[in-house]
Amino acid sequence: MTTPKRIIKETERLVAEKVPGISAVPHDDNVRYFDVKIDGPSQSPYEGGVFNLELFLPDDYPMTPPKIRFLTKIYHPNIDRLGRICLDVLKSNWSPALQIRTILLSIQALLGAPNPDDPLANDVAQKWKEDEKAAIETARQWTQQHAKA
Amino acid sequence: MKFGHVFKQTLKNEGFPPDWVESAISYSQLKKCINRLTSELSEVGLNPQTLARLIKQVEERNAKEAQENTKHADSPLEYLLNHEDGPEKGGVQKPFQPKLLFHVNEKTGELDSAMLDEETKKKLHMLALESGLTDLRVLEEPDDSKSIESGASSHTVIGHECRRRPGYKTVEVQLTSDSEFFTKLSSELSGLETLQDREEKRMHDKIEELGKQVAKLTDPDRRSNKKLIAVWRQIFQIYVENDIFFGTRETDHGGHDAGMAAQRFQKFANTIAQQGLVDKFKKPECLQALTSFMNINREILQGLKFGEINRTAMTKILKKFDKQTNLNVARSTFPLTITYPSFSSHLAKAVCSELNTSILSHVPQIDDYSCPMCMEIKWRPVKLSCGHVFCIRCLIVMQTNKQHLCPLCRQRSVVDANSDNLDLELADFLKKWFPDEVKAKQKHNELMAGVDQYGEVYKDQCVVM
């Protein structure tokens with residue numbers, strides 16, 4: 001099957017116009033499968049960490065959203081143990097005009113603004129609500145432990 | 001190498017037009033001015049070290065006043081540029097009258113400052129005594145206390161009283177070379193500004209002319225142009241992608257300096273040469289238009305370079321001024337009057353936007369007419385009730401998937417789109433400017449419609465047929 005123009009264009013642009021703190025590189029043998037790296041936003045508990053993710057563009061992309069998952073362990077109320085992400089634009093609020101780069105920016109923003117009121121990892125969200133300071137400290141420790149390049 | 005030398009060499013070797021070189025900042029002359037000023041100053045006993053010490057004291061005093069939030073009566077020394085200047089400080093026309101003022105006790109001839117060390121005091125004392133003999137002048141102050149008694153206690157009077165107290169004389173040191181320096185510098189700056197305006201006008205005319213030419217050469221209604229439009233488009237696309245004068249990306253935005261711009265321009269030139277685009281122009285008109293396009297860019301580059309070197313010259317000469325005299329212009333008194341006309345960036349910006357509107361816009365780029373979903377050409381274009389335009393194929397897929405919201409604004413406009421939403425005007429435009437892309441997309445759309453109807457097999461059969 002030929003690669004849709006959309007995927008070619010997006011990949012080209014990801015290389016030509018890099019997003020600060022984000023990289024996405026397609027696999028040589030599968031143009032729909034990307035290795036993603038996101039830098040933890042500054043002034044967040046994830047600062048200084050580099051997080052690996054995998055991104056897959058399904059056959060009917062962009063009518064359906066890309067599938068994305070954290071590979072690096074991360075302590076975050078909206079990301080569960082398997083690395084799945086709870087983010088509206090990845091599900092119900094997906095729009096075919098959104099792109100890989102916009103989605104990755106949303107994820108980076110989610111790291112900067114955790115939302116414990118709409119949790120995916122219940123235990124983490126609860127900790128976050130009970131004692132935010134301690135939760136942030138844990139997130140920082142996990143970043144040091146798991147997300148150091 | 002000394003900057004004066006570099007400056008001279010650059011002006012000579014970069015191939016600037018003679019009238020530019022003439023308007024350039026006369027660095028070496030200004031430097032001589034500074035030398036004269038220093039000797040003038042040391043003639044009256046104010047060598048740089050003494051001045052530095054004095055000014056430092058004034059500054060410390062001012063800082064202390066600012067800290068304590070009280071306004072002390074007077075500082076022992078004032079350095080005035082433009083001292084009659086009213087509110088409109090920007091006025092360059094007014095001649096500078098720089099002078100140094102010292103407040104000296106009338107009776108003792110002592111400088112009004114307890115903080116000066118003996119040596120400096122002695123020097124200034126001597127200075128005051130010598131007044132009249134050298135080019136020092138002693139001014140009798142009007143008796144301000146009287147005017148206050150007479151009831152005219154307006155703000156200015158109080159200000160005066162603060163600064164000039166009775167019983168004190170003000171010793172004024174006229175600085176001839178200093179005024180020469182600033183008059184020269186500011187007149188040169190306004191000369192540069194005029195030059196810039198003239199250049200902008202000239203470039204404007206040139207670009208307009210070329211714009212007309214390009215419009216003629218790329219008129220899609222002329223048969224002979226048909227093949228050339230694609231070439232022009234490619235050239236302009238490469239031009240835009242190279243971001244020669246301004247970065248438009250997340251990691252690189254804002255103006256580029258001359259070095260960067262020159263590098264990018266070179267890359268642009270190399271790319272079009274490598275892709276053999278120039279060779280595709282057979283007609284002499286085309287080659288000529290391309291040449292003048294390149295020349296306009298080279299001229300913008302020259303302008304950038306010229307502006308940069310002059311700005312550096314100005315900063316350097318002011319720094320030198322301070323270093324040699326310790327009068328601290330650049331730091332304190334100064335920024336009001338002399339600012340460099342934002343020559344380079346301003347000119348480049350103006351000319352680039354012209355370039356965009358009058359030349360590049362004649363050849364529409366495919367990226368401006370691609371569907372936000374499939375990123376192929378918007379063929380056939382369908383305009384939803386919310387105003388957003390997509391290709392018909394993507395909208396059919398959305399409707400089949402029961403995705404009702406506009407991908408760009410989330411209005412429920414996809415669900416009720418029908419053949420009335422076809423944008424016929426845009427369709428004509430696309431057919432005219434992008435005939436090849438339209439043909440390819442049309443074929444693809446038909447193929448996909450067949451797949452919708454008969455399933456995936458249709459694709460394979462169609463390819464064989």
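Taken in order, these protein sequences are the chains called A and B. Taking UniProt numbering as reference, the numbering of the first sequence is continuous, increasing by one, and the terminal residue is 149. Taking UniProt numbering as reference, the numbering of the second sequence is continuous, increasing by one, and the terminal residue is 465. Where a beta carbon is used, it is the ideal one built from N, C-alpha and C, also for glycine. Nothing here was measured: the structure is a model prediction, and the numbers come from that model.
Contact between Val31(A) and Thr2(A) is absent: CB atoms are separated by about 10 angstroms, not below the 8 angstroms threshold.
Beta-bridge analysis with DSSP links His253(B) to Thr248(B).
In the displayed model, Asn310(B) falls within a helix according to three-state DSSP. Residues of chain B whose Cβ lies closer than 7 angstroms to the Cβ of Ser92(A) do not exist; the shortest such Cβ separation is about 11 angstroms. Close CB contacts of Ala261(B) within its chain, under the 7 angstroms cut and outside five residues either way in sequence, are with Ile244, Phe245, Leu301, Leu304 (chain order). Only exposed fits Ala273(B), as fewer than 16 other CB atoms lie within 10 angstroms of its CB.
Between the stretch 93 to 104 of chain A and the stretch 129 to 147 of chain A there are fewer than three C-beta pairs closer than 8 angstroms, too few to call the two in contact. Listed along the chain, the chain B residues whose CB falls inside 9 angstroms of the CB of Lys5(A) are Ser370, Cys374, Met375, Glu376.
Scanning the UniProt domain "UBC core" (2 to 148) of chain A for uninterrupted beta strand (DSSP E) segments of 3 residues or longer gives 22 to 26, 33 to 39, 50 to 56, 67 to 70, listed from N- to C-terminal end.
Annotation for Ala258(B): Leu304, Lys305, Glu308 place their beta carbon closer than 6 angstroms to its own, counting only its chain and skipping 5 residues before and after.
Within the same chain, and ignoring the five residues on either side of Gln365(B) in sequence, the residues whose Cβ sits closer than 8 angstroms to its Cβ are Arg233, Phe236, Gln237, Val240. Sorting Lys32(B), Ile377(B), Leu426(B) by C-alpha distance to the C-alpha of Lys5(A) places Ile377(B) at the top. In this structure Pro77(A) is in contact with Pro114(A), their Cβ atoms being roughly 5 angstroms apart against a cut-off of 8 angstroms.
Contacts between Met260(B) and chain A, judged by CB atoms closer than 7 angstroms, are missing: the closest CB pair is about 17 angstroms apart. Around the CB of Thr218(B), 16 or more other CB atoms lie within 10 Å, so the residue is classed as buried. Under the criterion of beta carbons closer than 8 angstroms, Pro58(A) and Pro407(B) do not qualify as touching, at roughly 17 angstroms.
With fewer than three CB-CB distances shorter than 8 angstroms, the stretch 409 to 421 of chain B does not count as touching the stretch 109 to 129 of chain A. At a cut-off of 7 angstroms between beta-carbon atoms, Glu132(A) makes no contact with chain B. Boundaries of the beta strand (DSSP E) harbouring Val389(B): 389 to 391, taken from the DSSP string. In the DSSP annotation of this structure, Val415(B) is not part of any beta strand (DSSP E), being labelled neither H nor E. Contact annotation, Pro65(A) with Leu82(A): C-beta distance approximately 18 angstroms; criterion of less than 8 angstroms not satisfied.
Nearest neighbour of Phe3(B) by Cα position, chosen from Ile34(B), Glu180(B), Thr312(B), turns out to be Thr312(B).
Not a single C-beta of chain A is nearer than 7 angstroms to the C-beta of Pro364(B). With contacts defined as CB atoms closer than 7 angstroms, Met373(B) and Cys394(B) qualify as a contacting pair. From the listed residues Ser353(B), Gln324(B), Leu422(B), the smallest Cα separation to Ser39(B) is found for Gln324(B). Its chain contains Phe245, Phe246, Ile300 as the residues whose beta carbon lies nearer than 8 angstroms to that of Cys352(B), once the 5 sequence neighbours on both sides are disregarded; these appear in chain order. At a Cβ-Cβ threshold of 7 angstroms, Ser358(B) and Glu208(B) count as neighbours. Collapsing the DSSP output to three states places Leu301(B) in a helix. In the displayed model, Ser26(B) falls within coil according to three-state DSSP, outside both helix and strand. The beta carbon of Lys67(A) is closer than 6 angstroms to those of Phe56 in its chain, skipping five residues each way along the sequence. Under the Cβ distance rule, Arg249(B) counts among the residues neighbouring chain A, one pair being separated by less than 7 angstroms. Inclusion of Gln108(A) and Glu10(A) in the CB contact set at 7 angstroms is not warranted, their separation being larger than that value. For chain A, the residues of the stretch 397 to 428 of chain B that bring a beta carbon within less than 9 angstroms of one of its beta carbons are Val397, Met398, Asn401, Gln403, Leu405, Cys406, Pro407, Leu408, Arg410, in chain order. Judged by DSSP secondary structure, Lys402(B) falls outside any beta strand (DSSP E); it is assigned neither H nor E. Per DSSP, reduced to three states, the secondary structure at Pro381(B) is strand.
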